[in-house]
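Reading through the structure tokens given below for one structure.
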Amino acid sequence: MFIISKLLKTVADSKPLLIAAGLTEALSVGVMIRRSGYLQSTFGGGNPPDLWFGIQDEKLYNYLDVIGDGGREAYRKMNSWDFFPYMPSYMIFYGALLLIQCRSAQASDLSWLFFIAMMCDIIETGTFNYAANQFPEHISSTIVRAASIANEIKWVSFGFGAIGLVGLFVHNSLKAKKAHQR
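Below is the structure:
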């Protein structure tokens, strides 16, 4: 955790690094949206499991069946981009932004929420990729359940991080406005 904390502090303290992290995140999001759209429009099946909240075995295997061999290959390719650069870019960019807002508000450092989201995302995406590789064989229900829990923690951590980022930004903006009016 020390290395991640040091990384976020370094990015938060450097405008060029923060801009580079933001551009990397924007590019990553664009590619992920495009790959997800291609997967859905070409192979059907709806949103990939990474975008669900909680996963049940039956729903996962139904999805993998519906998208077929080509869809599973497209899903695995999407996952490779998800692992890098998407996951690290959102953790670094949003974590650094949240750290900046926490410092300004003199609040506890909440930037670790995006690190938790990324770690859970790694577990979830790795498991779903493994399930896609093994299909039509099924992987252990216990492993799918662990991925489901990781998926839920990912979304909750990301949600709390986003709410914290917006809330602290508003708080800090209002505080600065009041200080300027004096």
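Under UniProt numbering, the first residue of the sequence shown is numbered 1, with each subsequent residue one higher.
Here a beta-carbon is modelled for each residue, glycine too, at the ideal position from N, C-alpha and C.
- Contact check for Met-91 and Phe-115: beta-carbon distance about 6 Å, within the 8 Å limit, so the pair qualifies.
- When DSSP states are grouped into helix, strand and coil, Ser-36 belongs to the helix group.
- With a threshold of 16 other beta carbon atoms within 10 Å, Ser-80 falls short and is exposed.
- Taken through DSSP and simplified to helix, strand or coil, Leu-64 comes out as helix.
- Bounds of the alpha helix (DSSP H) holding Phe-115 are 112-134.
- For Pro-48, the closest C-alpha among the options Gly-95, Thr-42, Gln-56, Ser-36 is that of Ser-36.
- One alpha carbon belongs to His-138, the other to Ile-55, and they sit about 14 Å apart.
- For the set Val-31, Leu-23, Gly-167, the Cα lying nearest the Cα of Ala-105 is the one of Gly-167.
- A distance of 8 Å or more separates the beta carbons of Leu-18 and Val-144.
- In terms of Cα proximity to Phe-84, the closest of Thr-24, Ala-147, Ile-3 is Thr-24.
- Secondary structure at Ser-140: coil, using DSSP grouped into helix, strand and coil.
- The beta carbon of Tyr-86 is closer than 7 Å to those of Ser-28, Met-32 in its chain, skipping five residues each way along the sequence.
- Taken through DSSP and simplified to helix, strand or coil, Arg-103 comes out as helix.
- When rounded, the separation of the alpha-carbon atoms in Lys-177 and Arg-103 is 17 Å.
- Less than 8 Å separates the beta-carbon of Ala-117 from that of Ser-157.
- Rounded to whole angstroms, the gap between the alpha carbons of Asn-172 and Phe-53 is 32 Å.
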